[in-house]
Amino acid sequence: MTQTMTGKVALITGAAGAIGMASARLMAARGALIAATDIAGADFGPLRAAIPEEERLLVVEADVTDEAAFGKVVAAAVGKFGTIDIFFNNAGIEGPVAPIPDFPTDGFRKVMDVNVTGIFIGLKLVIPVMAKAGHGSIINSSSVAGLTGSAGLCAYVASKHAVLGLTRAAAVEWGGKGIRVNCINPGPIDSRMMESIEEGASPGAAAAVHDGFAATIPMKRYGTPDEVAGVVAFLASDDAAYVNGAAYTVDGGMTAA
Ligand SMILES: NC(=O)c1ccc[n+]([C@@H]2O[C@H](COP(=O)([O-])OP(=O)(O)OC[C@H]3O[C@@H](n4cnc5c(N)ncnc54)[C@H](O)[C@@H]3O)[C@@H](O)[C@H]2O)c1
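With UniProt numbering, letter number 139 in the sequence shown gets 139, and the count goes up by one each step, no holes.
As C-alpha cells, this is what we get:
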C-alpha cells in the first residue's frame, strides 16, 4: 500500500467502533500515527492488534461530551506526536427507535449531547491545534440521516442534520486558515449500530428489516466499514486539498434514488 500519509497525526474518536477502527487501520497502513479515543471500557484490543507499534498508536479513554476529559485527549495526542493533522470526529450513538410521540425525551437529549455537543467539543478543542500549525483536515461523521428523514429515528436524524450544519459552519469559519472541514454521510453499514436499529425497528425481525433496507439501496447491499474508511482517508489526504465544507455520501446510491 502506498504510504501517502507518512508521519501525519490522526486523532480518531469512536476509534473502538466499526468505522473508527477501520479508518484507524487504513490510515495507519498508509503511514499515519494514530491517536485513538473512545469511551471508558471500550475494547481497544483489535486496534492494538492492528497497530502493535507503541510509537505509532496512542489510546486514551474519554467521553466526547466531557470537555475537560476531551481536552486531556488532545493534550495527550499533541504531547506524544507533536500536533494533530487529521481529526476524524466520529463518535456517535443511534439512540432509541420509536415514533415521535413515544420517543423518550431523555433519550433525545442523550443523542443530541453525544452526536452534536460531542462533535462541537471536538471541533472546539482540535481547531486551535490545527490553527497553530496552519493546516488540518477534519472529517465529521454525519449520515444519510443527516440529509433525509427516517421513521423512528427523530433524534438521530436531527443530530446528524446538525453535524452537517456544524461542518458547514466550521468550514466557512476556518477554510481561510488552512483547515478543511468535511463530513461523511454513510448509508447503512454492516455493523453493530445497524443491527441495533434493525432490532429497534422490528424486535425479533432484524434480518427482515436488513433485507428491506438493502432492497431500497440502488447497489442492493449495505456498505462495509472499510468502504467508509476509504472515503475518510481520501478526505484526510492532500488528494482532497480543495475539498472543504462538503458532505460525502457513502451510501450505494441511496440518497440519489
Ligand atoms: N453504522 C452505520 O451504518 C452508520 C451509518 C452512518 C453513519 N454512522 C456514524 O458513524 C459513526 C461511527 O459509527 P459505527 O458504525 O462505527 O458505530 P459503533 O457503535 O461501532 O462506534 C461508535 C463508537 O463511538 C463510541 N462512543 C459512543 N458514545 C461515546 C461518547 N459519549 N464518548 C466517546 N465515545 C463514544 C462507542 O463506544 C463506539 O465505539 C457514528 O457517528 C455513526 O452515527 C454509522
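Backbone N, C-alpha and C fix where the C-beta goes; we use that ideal spot for every residue, glycine too.
Pick from the options that is closest to residue i, judged by C-alpha positions
i      : options                        : result
Ile39  : Val59, Glu94, Ala170, Leu26    : Val59
Ala171 : Arg192, Ala206, Ile127, Met27  : Ile127
Asn244 : Arg168, Ala215, Asp251, Ala162 : Arg168
Met130 : Ala256, Ala10, Thr4            : Ala10
Ile119 : Pro99, Glu195, Thr105, Gly14   : Gly14
Ala22  : Glu227, Glu94, Gly252, Gly204  : Glu227
Glu195 : Met27, Asn185, Ile179, Ala214  : Ala214
Enclosing beta strand (DSSP E) for residue i [first to last residue]
i      : result
Ser137 : 136-141
Val181 : 179-186
Asp38  : 33-38
Thr216 : No beta strand (DSSP E) holds Thr216; the alpha helix (DSSP H) holding it covers 206-216.
Phe44  : Premise fails: Phe44 is in no beta strand (DSSP E) and is neither H nor E.
Thr249 : 247-250
Proximity below 9 Å, CB of residue i to CB of residue j
i           : j      : result
Ser237      : Cys183 : no
Met122      : Val64  : The sequence shown places Gly at residue 122, rather than the Met named in the question. A contact, by the Cβ cut-off of 9 Å.
Ala16       : Phe44  : yes
Asn90       : Ile19  : yes
Ala69       : Val116 : no
Leu57       : Ile84  : no
residue 258 : Pro99  : Shown here, the chain extends from 1 to 257; a query on residue 258 therefore has no answer.
Ala229      : Met27  : yes
Residue i: first and last residue of the uninterrupted alpha helix (DSSP H) it sits in
i      : result
Ala147 : Strictly speaking, residue 147 in this sequence is Leu, with Ala absent from that position. From DSSP, Leu147 is part of no alpha helix (DSSP H); its letter is neither H nor E.
Phe108 : 105-112
Beta-carbon separation (whole angstroms), residue i vs residue j, contact threshold 8 Å
i           : j      : result
residue 313 : Val157 : There is no way to answer for residue 313, as the model of the chain reaches only from 1 to 257.
Leu47       : Ala29  : Going by Cβ atoms, the distance from Leu47 to Ala29 rounds to 13 Å, so no, they are not a contact pair.
Phe87       : Ile138 : 5 Å
Near ligand 2: residue i beta-carbon under 8 Å from a heavy atom
i      : result
Val144 : Questions concerning ligand 2 fall outside what the structure shown contains, since the ligands it does hold are ligand 1.
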